[in-house]
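Participant: First the structure, which I've put down as structure tokens, then a few questions once you've had a look.
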Amino acid sequence: MAVTQYSAAEIQALVVEAWSDIFMQELREKLMLGALVNKDYSGQISNLGDSVKVSQINAPTGQLLTVGVDADSFDSEALSSTQVEVKADKRAVASYEFEDTVQLMTQLGNKDSEIRAALLFAVSKQINDYLYTLVAPSASAPDHVLISSDMNAAQIAAIRKLAAQAKWDKSKGWWLLCDPSYYSDILNAQTLTSQDYVGGDLPIVGGQVVNKRFGFNILEDDSRPEDYAIAFHPDFMHLVMKTQPTFKVSDLHSHKKFGYVISVDQIFGAKLGIQGALKHIKVTAS
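The opening residue of the sequence shown carries number 1362 in this note's numbering; numbering runs sequentially from there.
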């Protein structure tokens, strides 16, 4: 029986049709830090190097007036704002080479495709690792870098105190991502896990049960080294991404090789937000 041959253009069209929407959805779900930081911005990202803006309205100083003294008039203030420009200057790429198209074509219609899952992991890991390179908490008093070999109730309370002193807004929630070692410390602390001390109605985020303790939504992040945690308000970092990843399928004949290469790339950018250094706290053992 004859085997159907597909051109690179036909395969690319099928890949985009079958994978793009699911790929983007799963990328956001599995990218732990990127799923939680601020992704709101003004503008559009179409190409590598595009910039978008994030603005914050600054609160006025205001006045306290006294009847019979100065309460008959007030001083107005000009509206002012602080703005951060974020450039989408990063490209996370993953690719495969195939000797023929049979293996790829058999997985195109499969939502559990091993090829797509592997590409997804590679791209999300690149983005995740880059976001963590931007972590730079304030080193001025009060210091937002804590040293601890254990993640216990006292340590989380100390983190919470720093967050409250920095006046973190509570409307978007506070988050604490812990490596498996710190997370195990939390699970082994009775006052942090027993329902005699905490409630049992816990939400699910990214397939994990969220442990809500001391005002923090606590999740395990197994991408981090041992004894590493980051507590943050979502506005500490801004992540901007092109709406859809770009898939490309080409033959290798121009390189004097038989077969095909499939690649996927995601254009993105990230930057610490307004007063971002004060809106996150890092905890390590050393």
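Don't be surprised by glycine CBs; every beta carbon is placed ideally from N, CA and C.
#1: What are the complete beta strand (DSSP E) segments, minimum 3 residues, inside the stretch 1373 to 1447?
#2: Can you give the beta carbon distance from Lys1609 to Gln1627, rounded, assuming they're within the 8 Å contact cut?
#3: Beta-carbon of Glu1581 versus every beta-carbon of chain C: anything under 8 Å?
#4: Would you tell me roughly how many angstroms separate the C-alpha atoms of Ile1547 and Phe1629, rounded to the nearest one?
#5: Buried or exposed for Thr1732, please, with buried defined as at least 16 other CB atoms from any protein chain shown within 10 angstroms of its CB.
#6: Report the three-state DSSP secondary structure of Leu1633 (helix, strand or coil).
#7: Which word fits Asp1582, buried or exposed, when buried means at least 16 other C-beta atoms lie within 10 angstroms of its C-beta?
#8: In terms of DSSP beta bridges, what is His1641 paired with?
#9: Identify every residue that forms a DSSP beta bridge with Phe1459.
#10: Using a threshold of 8 Å, state whether the C-beta atoms of Asn1513 and Ala1483 are closer than that.
#11: Fully enclosed by the stretch 1458 to 1533, which beta strand (DSSP E) runs are 3 residues long or longer?
#12: Under the three-state reduction of DSSP, which class applies to Asp1612: helix, strand or coil?
#13: Taking the alpha-carbon positions, what's the Phe1577 to Val1445 distance?
#14: Would you call the CB atoms of Ile1508 and Thr1645 closer than 8 Å?
#15: Would you mind giving the Cβ-Cβ distance between Val1622 and Glu1458, rounded to the nearest angstrom? I have them listed as a contact below 8 Å.
#16: Please return the same chain residues whose Cβ sits closer than 7 Å to the Cβ of Phe1575, not counting the five positions on each side in sequence.
#17: Could you tell me the boundaries of the alpha helix (DSSP H) in which Ser1542 lies?
#18: Kindly list the residues whose CB is nearer than 7 Å to the CB of Gly1637, restricted to its own chain and excluding five residues on each side of it in sequence; keep chain order.
#19: Can you tell me whether Ser1545 is buried or exposed? The criterion is at least 16 other CB atoms within 10 Å of its CB, across all chains shown.
#20: Return the Cβ separation of Trp1535 and Ala1592 in integer angstroms, given the expectation that the two are a contact with Cβ distance under 8 Å.
#21: Span of the beta strand (DSSP E) holding Phe1575?
#22: Starting from the Cα of Asn1399, find the closest Cα among Asp1511, Leu1492 and Met1466 and give me that residue.
#23: Could you tell me the alpha carbon to alpha carbon distance between Thr1443 and Lys1533, rounded to whole angstroms?
#24: By the 10 Å Cβ neighbour count, where 16 or more other Cβ atoms means buried, how is Ala1449 classified, buried or exposed?
#25: By DSSP, does Arg1585 sit in helix, in strand, or in coil?
#26: So for Asp1450, helix, strand or coil by DSSP?
#27: Cβ of Ala1590 within 8 Å of Cβ of Tyr1543?
#28: Do you know how far the Cα of Ser1456 is from the Cα of Leu1440?
#29: What did DSSP end up calling Val1559 once you bin it into helix, strand or coil?
#30: Rounded to whole angstroms, what's the CA-CA distance from Gly1395 to Ala1420? Just pull it up for me.
Facilitator: Concretely, from the data shown:
#1: 1412 to 1418
#2: About 13 Å; that fails the 8 Å criterion.
#3: Within the model displayed, chain C is absent; a lone protein chain is all it includes.
#4: 34 Å
#5: Any question about residue 1732 goes unanswered here, given that the chain covers just 1362 to 1647.
#6: strand
#7: Under this definition Asp1582 is a buried residue.
#8: Phe1593
#9: Answer is Tyr1621.
#10: no
#11: 1506 to 1508
#12: strand
#13: 26 Å
#14: Against a cut-off of 8 Å, the Cβ pair of Thr1645 and Ile1508 comes out as a contact.
#15: So it is a contact: roughly 5 Å between Cβ atoms.
#16: Ile1517, Ala1518 and Arg1521
#17: Counting along the chain, the alpha helix (DSSP H) containing Ser1542 begins and ends at Pro1541 to Leu1548.
#18: Phe1597 and Met1598
#19: exposed
#20: 7 Å
#21: Taken as a continuous stretch (DSSP letters only), Phe1575 belongs to no beta strand (DSSP E), as it is neither H nor E.
#22: Leu1492
#23: 20 Å
#24: buried
#25: coil
#26: coil
#27: Yes, the pair counts as a contact, with Cβ atoms nearer than the cut-off.
#28: If you draw a straight line from the Cα of Leu1440 to the Cα of Ser1456, it is about 49 Å long.
#29: Here the model assigns Val1559 a pLDDT of 49, short of 50, so the residue's position is not dependable, and the following value carries that caveat. Three-state result, Val1559: coil.
#30: 28 Å
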